[in-house]
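Chemist: Just so we're aligned, residue 6 is where the sequence shown starts under the numbering used here, counting upward by one.
Let me give you the structure first, and then I'll get to my questions.
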Amino acid sequence: MFGAHFKSGRKRVAQGGTLCPTLLLGEPKSTYEALQRVIPIKTYSTKEAQPEEDPSVSARLQRLQNNYEDFGMRRTVEGILVVHDHGHPHILMLQIANAFFKLPGDYLKPGEDEIDGLKARLDERLAPPTGSAQFDTSHGVDNDWEIGDCLAQWWRPNFETFMYPFVPAHITKPKECKKLFLVQMPERKVLAVPKNMKLLAIPLFELYDNAGRYGPQLSAIPHLLSR
């Protein structure tokens, strides 16, 4: 079902196909079970590369500061997409430069709605190009992303890399707010990943208590899904 296997438990998704639904999980008893459909990940296609906007962390923080001066606090939205392999839940993530892991999503435009904005960012990252053979009424337009609960908010108090799941007491003007939403995969969904990125399915046991590898935001996802 998967392509290359990683020693740490991460699995790279094979290229060239679609995602298919599995059985309903039954009566929801938790945030995770409320997904109803946990999708078995199979394969994906590729599309044109999407280079990072900034060549370095310092450049990214400088752009954040410039944008803050023009538009105020940045709002970022990302999606937590749950799939399964051998009955165990995995989280879909993008890997950049064989090292950096991130959830699909991005920052919003000033005044942009969070839900509509997240759907647009998911399409930018993961949907086939508009007009391509894969982007049709059954796999693209009609199979819209289903945005669920907001599971977490992370705040950037200053123009630094640190973010916290709360606003520190002495901070009155945070520089960024990032929200993580649970996202339901449509019943059938074709994914297309930028050529300069890899799509990985990270098992929850790999994320759990592994901030050293994935950082505090991603390693907290198993806790978020357990409520």
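Ideal Cβ placement from N, Cα and C applies to all residues, glycine included.
Remember, predicted model here, so these are calculated numbers, not experimental data.
Using 10 angstroms around the beta-carbon of Pro227, count the other beta-carbons present and answer buried if the total reaches 16, otherwise exposed.
Modeler: Along the sequence shown, one-based indexing puts residue 227 at 222. Label assigned to Pro227: buried.
Chemist: Okay, do the region 164-172 and the region 189-202 touch, 3+ Cβ pairs below 8 Å being the bar?
Modeler: Contact between the region 164-172 and the region 189-202 is absent, because fewer than three Cβ pairs lie under 8 Å.
Chemist: Alpha carbons only, please: which of Gly217, Phe106, Lys114 is nearest the one belonging to Ile207?
Modeler: Counted from its first residue, the sequence shown places residue 207 at position 202. Residue Phe106 is the option with its Cα nearest to Ile207.
Chemist: Under the rule that 16 or more other beta-carbon atoms within 10 Å means buried, what is Val62, buried or exposed?
Modeler: As a first step, residue 62 is located in the sequence shown; it is residue number 57 there, counting from the start. Flag for Val62 reads exposed.
Chemist: With DSSP collapsed to three states, give me the class of Ser63.
Modeler: If you number the sequence shown from 1, residue 63 lands on position 58. Ser63 falls in the helix class under three-state DSSP.
Chemist: Would you list the residues sitting across from Gly110 in a DSSP beta bridge?
Modeler: On the sequence shown, residue 110 is found 105 positions in, with the first residue counted as 1. According to DSSP, Gly110 bridges with Glu83.
Chemist: Note down the Cα distance separating Pro179 from Val172, rounded to an integer number of angstroms.
Modeler: On the sequence shown, position 174 is the one that residue 179 refers to. On the sequence shown, position 167 is the one that residue 172 refers to. If you take the alpha carbons of Pro179 and Val172, they lie about 7 Å apart.
Chemist: Does Thr142 come out as helix, strand or coil in the three-state DSSP assignment?
Modeler: For the purposes of this step, residue 142 is identified with residue 137 of the sequence shown, where counting begins at 1. Note that Thr142 has pLDDT 44, beneath the 50 cutoff, so the model's placement of it is unreliable and no number is given.
Chemist: If you count every other CB in all the chains shown that lies within 10 Å of the CB of Thr135, and 16 or more means buried, which is it?
Modeler: On the sequence shown, residue 135 is found 130 positions in, with the first residue counted as 1. So Thr135 counts as exposed.
Chemist: I think Leu229 touches Leu212, with their Cβ atoms under 8 Å apart; what is that distance to the nearest whole Å?
Modeler: Counted from its first residue, the sequence shown places residue 229 at position 224. Counted from its first residue, the sequence shown places residue 212 at position 207. Actually they do not touch by this definition, with Cβ atoms about 10 Å apart.
Chemist: Let me make sure I understand the geometry here. Which of Glu53, Lys52, Arg68, Thr51 has the alpha-carbon closest to that of Asp59?
Modeler: Position 54 of the sequence shown, counting from 1, holds the residue named residue 59. Taking only the C-alpha atoms, the option nearest Asp59 is Arg68.
Chemist: So, helix, strand or coil for Asp75, using DSSP?
Modeler: Translated into positions along the sequence shown, residue 75 becomes position 70. Note: Asp75 maps to helix in three-state DSSP.
Chemist: Is it buried or exposed for Thr81, if we count other Cβ within 10 angstroms and need 16 for buried?
Modeler: Here residue 81 corresponds to residue number 76 of the sequence shown, with the count starting at 1. Counting Cβ neighbours within 10 Å, Thr81 comes out buried, since at least 16 surround it.
Chemist: Roughly how many angstroms lie between the CA atoms of Tyr219 and Ser137, to the nearest whole one?
Modeler: Position 214 of the sequence shown holds residue 219. Position 132 of the sequence shown holds residue 137. Taking the straight line from one Cα to the other gives about 34 Å.
Chemist: Compute the distance between the beta-carbons of Glu151 and Val195, then report whether it is under 8 Å.
Modeler: Working through the sequence shown from its first residue, we reach residue 151 at position 146. Working through the sequence shown from its first residue, we reach residue 195 at position 190. Their beta carbons are not under 8 Å apart, which means Glu151 does not touch Val195 by this criterion.
Chemist: In or out: Glu74 buried (at least 16 other Cβ within 10 Å) or exposed?
Modeler: For the purposes of this step, residue 74 is taken as residue 69 along the sequence shown, with counting starting at 1. By the 10 Å Cβ count, Glu74 comes out exposed.
Chemist: Could you check how far apart the C-beta atoms of Phe186 and Ile85 are, in whole angstroms? I think they sit under 8 Å.
Modeler: Reading the sequence shown from its first residue, position 181 is the one you call residue 186. Reading the sequence shown from its first residue, position 80 is the one you call residue 85. That belief holds up - the Cβ atoms of Phe186 and Ile85 are roughly 7 Å apart, short of 8 Å.
Chemist: Identify whether Pro173 lies in helix, strand or coil by the three-state DSSP scheme.
Modeler: As a position in the sequence shown, residue 173 is number 168, starting the count at 1. DSSP places Pro173 in coil when its eight states are reduced to three.
Chemist: Check for me: the beta strand (DSSP E) holding Gly92 runs from which residue to which?
Modeler: For the purposes of this step, residue 92 is identified with residue 87 of the sequence shown, where counting begins at 1. Run containing Gly92: none; DSSP gives neither H nor E here.
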